[in-house]
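In my numbering, the protein residues as written are 5 to 178. To keep things clear, I will list the structure first and then write my remarks on it.
Shown next as structure tokens:
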């Protein structure tokens with residue numbers, strides 16, 4: 005139910021910001037209620053919900069690629085010129101929607117525990133640790149590991165990221 009409520013909040017925001025059949029200043033409650041009922045039916049966790057079953061199968065096929073997409077974007081962000089911007093709470097894989105969903109409380113204790121574990125385990129068999137994290141990437145620990153390692157490398161090679169070096173970059177026309 006919490007996930008469905010999050011999707012409903014997103015849908016209302018999207019409908020109102022589209023300003024086609026409803027809006028923030030003139031909400032169309034009948035139109036919005038119809039959409040909310042649609043979301044309920046779409047995400048109803050029942051055996052005869054063909055959409056949800058089909059979606060779950062599809063999600064299972066692509067989730068691995070989503071993890072690598074997130075890791076790739078994170079590494080690019082950290083190794084690109086300038087200061088990397090990591091939003092509060094996105095140190096782990098973040099499956100938030102837009103406002104207000106992305107403003108949920110951050111579990112700092114979980115992040116502290118993961119970071120302590122990462123710092124401890126990188127001193128041992130790092131390949132085994134990476135394999136272990138990739139076996140269950142849903143917890144997001146692999147992303148925090150990547151951020152930790154990339155920021156550590158960035159700190160060890162500051163000269164690469166100094167303004168004088170960045171000025172020498174040749175930007176590609178696209």
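Cβ coordinates follow ideal geometry from the N, Cα and C atoms, glycine included. All values reported here derive from a predicted model rather than from experimental measurement.
DSSP state of residue i mapped onto helix, strand, coil
| i | result |
| --- | --- |
| residue 54 | helix |
| residue 123 | helix |
| residue 63 | helix |
| residue 169 | helix |
| residue 178 | coil |
| residue 74 | helix |
| residue 163 | helix |
| residue 91 | coil |
| residue 108 | coil |
| residue 96 | coil |
| residue 80 | helix |
| residue 30 | coil |
Any non-hydrogen atom of the ligand SAH closer than 7 Å to residue i Cβ
| i | result |
| --- | --- |
| residue 24 | Because no ligand of any kind appears in the structure shown, any question about the ligand SAH cannot be addressed here. |
Proximity below 8 Å, CB of residue i to CB of residue j
| i | j | result |
| --- | --- | --- |
| residue 118 | residue 77 | no |
| residue 122 | residue 138 | no |
| residue 154 | residue 79 | yes |
| residue 20 | residue 31 | yes |
| residue 95 | residue 151 | yes |
Bounding residues of the alpha helix (DSSP H) (the contiguous stretch that carries residue i)
| i | result |
| --- | --- |
| residue 135 | 130-139 |
| residue 46 | 33-46 |
| residue 154 | 145-160 |
| residue 12 | 6-22 |
Touch test, the segment 40-48 against the segment 107-123, Cβ-Cβ under 8 Å, three pairs minimum: no
I want to know whether the segment 151-159 touches the segment 81-99 - three or more CB-CB distances under 8 Å. yes
Any contact between the segment 55-73 and the segment 121-137? By contact I mean 3 or more CB pairs, one from each, below 8 Å. no
State whether the segment 94-111 contacts the segment 5-13, with contact taken as three or more CB pairs (one from each stretch) at a distance under 8 Å. yes
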